[in-house]
Amino acid sequence: DRKSNPYCQLCLFSFDHLSNKLNFKTDIKKQTLNPQFNQEFIYKNIQLKNLIKKTLQITVYDKDFGKKDNFIGN
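Next comes the structure, spelled out in C-alpha coordinates:
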(Lines of atoms letter the chains of each structure in order from A and count residues from 1; the text may use other names and numbers.)
(Lines give C-alpha, C1' and ligand atoms only; values in the text may rest on other atoms or scores of the structure.)
Protein backbone atom coordinates (compact mmCIF):
# COMPACT_ATOMS: atom_id res chain seq x y z
CA ASP A 1 0.00 0.00 0.00
CA ARG A 2 2.33 2.70 -1.29
CA LYS A 3 1.22 6.27 -0.75
CA SER A 4 2.63 9.39 -2.28
CA ASN A 5 3.53 12.89 -1.15
CA PRO A 6 1.80 14.94 -3.85
CA TYR A 7 2.04 18.64 -4.58
CA CYS A 8 1.00 20.83 -7.50
CA GLN A 9 2.97 23.38 -9.47
CA LEU A 10 0.88 26.10 -11.09
CA CYS A 11 2.28 27.96 -14.07
CA LEU A 12 0.46 30.84 -15.77
CA PHE A 13 1.93 31.80 -19.13
CA SER A 14 1.14 32.92 -22.65
CA PHE A 15 2.56 31.06 -25.63
CA ASP A 16 3.96 34.26 -27.14
CA HIS A 17 5.91 35.07 -23.94
CA LEU A 18 7.06 31.73 -22.52
CA SER A 19 9.78 33.43 -20.49
CA ASN A 20 7.19 35.47 -18.55
CA LYS A 21 5.88 32.58 -16.47
CA LEU A 22 4.22 33.11 -13.11
CA ASN A 23 4.62 30.13 -10.80
CA PHE A 24 3.19 28.91 -7.53
CA LYS A 25 3.55 25.63 -5.67
CA THR A 26 1.15 24.04 -3.20
CA ASP A 27 2.14 22.52 0.10
CA ILE A 28 3.12 18.85 0.05
CA LYS A 29 0.38 16.51 1.24
CA LYS A 30 2.19 13.68 2.99
CA GLN A 31 1.33 9.99 2.66
CA THR A 32 -1.95 10.21 0.75
CA LEU A 33 -3.51 9.06 -2.50
CA ASN A 34 -6.43 11.50 -2.14
CA PRO A 35 -4.92 14.92 -1.52
CA GLN A 36 -7.00 18.04 -1.04
CA PHE A 37 -5.26 21.24 -2.01
CA ASN A 38 -7.31 23.93 -0.31
CA GLN A 39 -4.97 26.78 -1.12
CA GLU A 40 -5.51 30.08 -2.86
CA PHE A 41 -2.99 31.81 -5.09
CA ILE A 42 -3.33 35.35 -6.40
CA TYR A 43 -1.75 36.40 -9.65
CA LYS A 44 -1.33 40.16 -9.34
CA ASN A 45 -1.12 42.79 -12.07
CA ILE A 46 -3.02 40.77 -14.68
CA GLN A 47 -5.91 42.54 -16.32
CA LEU A 48 -9.00 40.49 -17.11
CA LYS A 49 -8.73 41.29 -20.84
CA ASN A 50 -5.21 39.79 -20.87
CA LEU A 51 -6.19 36.69 -18.93
CA ILE A 52 -7.92 35.15 -21.97
CA LYS A 53 -4.51 35.01 -23.70
CA LYS A 54 -2.93 33.02 -20.88
CA THR A 55 -2.82 29.32 -20.03
CA LEU A 56 -2.85 27.89 -16.52
CA GLN A 57 -0.91 24.63 -16.41
CA ILE A 58 -1.24 22.55 -13.24
CA THR A 59 1.33 19.78 -12.87
CA VAL A 60 1.22 17.20 -10.08
CA TYR A 61 4.38 15.68 -8.64
CA ASP A 62 5.18 13.11 -5.97
CA LYS A 63 7.79 14.54 -3.61
CA ASP A 64 10.62 12.07 -3.15
CA PHE A 65 12.76 13.32 -0.30
CA GLY A 66 16.42 12.90 -1.19
CA LYS A 67 15.66 12.00 -4.84
CA LYS A 68 14.18 13.62 -7.92
CA ASP A 69 10.42 14.21 -7.62
CA ASN A 70 8.21 11.97 -9.77
CA PHE A 71 5.89 13.46 -12.37
CA ILE A 72 2.29 12.28 -11.82
CA GLY A 73 0.42 14.27 -14.47
CA ASN A 74 -0.94 17.61 -15.66
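Numbering follows the UniProt record's numbering, with no gaps: position 4 of the sequence shown is 4. We put the CB at the ideal spot given by N, CA and C, even for glycine. Just so it is clear, the structure is predicted and the values come from calculations on it, not from any experiment.
Integer-rounded CB distance, given that residue j should sit under 8 Å from residue i
i, j, result
"I28", "K63", "5 Å"
"Y7", "T32", "Actually they are not in contact, since the Cβ atoms of Y7 and T32 sit about 11 Å apart, beyond 8 Å."
"F24", "F41", "4 Å"
Own chain, CB closer than 8 Å to residue i, minus 5 neighbours either side, in chain order
i, result
"F13", "N20, K21, L22, K54, T55 and Q57"
Closest Cα partner of residue i within the set the options
i, options, result
"Y61", "N34, F71 and I52", "F71"
"K30", "N5, G73 and F15", "N5"
Start-to-end residues for the beta strand (DSSP E) that takes in residue i
i, result
"L12", "P6 to S14"
"N70", "N70 to G73"
"I58", "T55 to D62"
Span of the alpha helix (DSSP H), counted from its first residue to its last, around residue i
i, result
"L51", "L48 to L51"
Sequence-distant residues of the same chain with beta carbon closer than 6 Å to residue i, five excluded per side
i, result
"residue 94", "Look at the range of the chain in this structure, 1 to 74, and you will see that residue 94 is not part of it."
"Y43", "L12 and L22"
"T59", "Q9 and N74"
"Q39", "T26"
Contacting residues, own chain, Cβ-Cβ under 7 Å from residue i (five flanking each side not counted)
i, result
"D69", "Y61, D62 and K63"
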